[in-house]
Amino acid sequence: MDRLRTPFLVVALVAFFLVVLIEIGSMAFLDAENRTDLASPGLGIVMLSFMDGIVFFTLLMMTLAVVVPARVFGAIQGIITFIIMLLTLIGGIVSIFIAVGLLVLMVTLLAAVPFGTAFYMATYGTFALTEARAALAAIFFFKTAGIVCIFLAQQKFLAVKGLVFLLLSSFLVGFIVSLLHAFPPGVLVSIADAIAAIIVGIIAAIWAMLKLIGSIPGVIKGLRLDRHVT
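All residue numbers for the sequence shown refer to the working numbering, where the first residue is 9 and numbers rise by one.
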């Protein structure tokens, strides 16, 4: 029961890689006519890649810890985590501002009767819900498979509160996007999707910040080891 089952951990890593791939690629294979690139099919699904990217990176570090010598891994883990989380945080903040800008644009257009409203209806009044739901279904499938494999790899992972909360957050953000796609009338789904993107982006940014702060002791340790070697 205490032995780490590495194949399950690798499967979990692959599952979350596919999750992130679907989320990043969603704007390419979910087509919506008469839209800007930012709104096709919606920022909500794309923004999920920041949160699930953090999960993927965490699993990658767990997998590398098995195959890389402990001394080497201990020296580089903090530095790599710091760099990746810093980039994730910056990317997440930029994406939040993009989502806010898009939300303000859509609300302004909708409220500017009659011409602004007409432009909103022509550009943002329809949403590729069928395609978005298919993408979210695939995301939830691979995400569920990945989480099951994580705990099949090592039951003690259930006791790691940080990992459990991270995985719960991953499911929560997906649920938020699904809910905000399903709840409003069809003509308002684009606005709801932008709201979902902002919420998901904030949650992902918080996790990136926590990981960034948590990596600082590892960075200091790695730098000390480098000085000792030189």
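Backbone N, C-alpha and C fix where the C-beta goes; we use that ideal spot for every residue, glycine too.
- By the Cβ neighbour-count rule, residue 135 is buried, with 16 or more other Cβ atoms within 10 Å of its own.
- Counting only unbroken stretches of 4 or more residues, the alpha helix (DSSP H) elements lying wholly within the stretch 73-140 are 78-119, 123-131, in sequence order.
- Scanning 23, 221, 229, 100 for the CA closest to the CA of residue 208 turns up 100.
- Rounded to whole angstroms, the Cβ separation of residue 69 and residue 177 is 17 angstroms, and the two are not in contact under 8 angstroms.
- The alpha carbon of residue 196 has as its nearest neighbour, out of 158, 119, 30, the alpha carbon of 119.
- When secondary structure is reduced to three states using DSSP, residue 19 falls in the helix class.
- Within a 10 Å sphere around the beta-carbon of residue 89 sit 16 or more other beta-carbons, which makes this residue buried.
- 149 is the residue among 149, 105, 109, 92 whose C-alpha sits nearest the C-alpha of residue 30.
- Contact annotation, residue 161 with residue 17: C-beta distance approximately 4 angstroms; criterion of less than 8 angstroms satisfied.
- In this structure, residue 216 and residue 62 form a Cβ contact; the two beta carbons are roughly 6 angstroms apart against a cut-off of 8 angstroms.
- Listed in chain order, the alpha helix (DSSP H) runs fully inside the stretch 137-207 are 137-161, 169-190, counting runs of at least 4 residues.
- When DSSP states are grouped into helix, strand and coil, residue 50 belongs to the coil group.
- Between the stretch 136-156 and the stretch 179-193 there are three or more C-beta pairs closer than 8 angstroms, enough to call the two in contact.
- Judged by DSSP in its simplified three-state form, residue 26 adopts helix.
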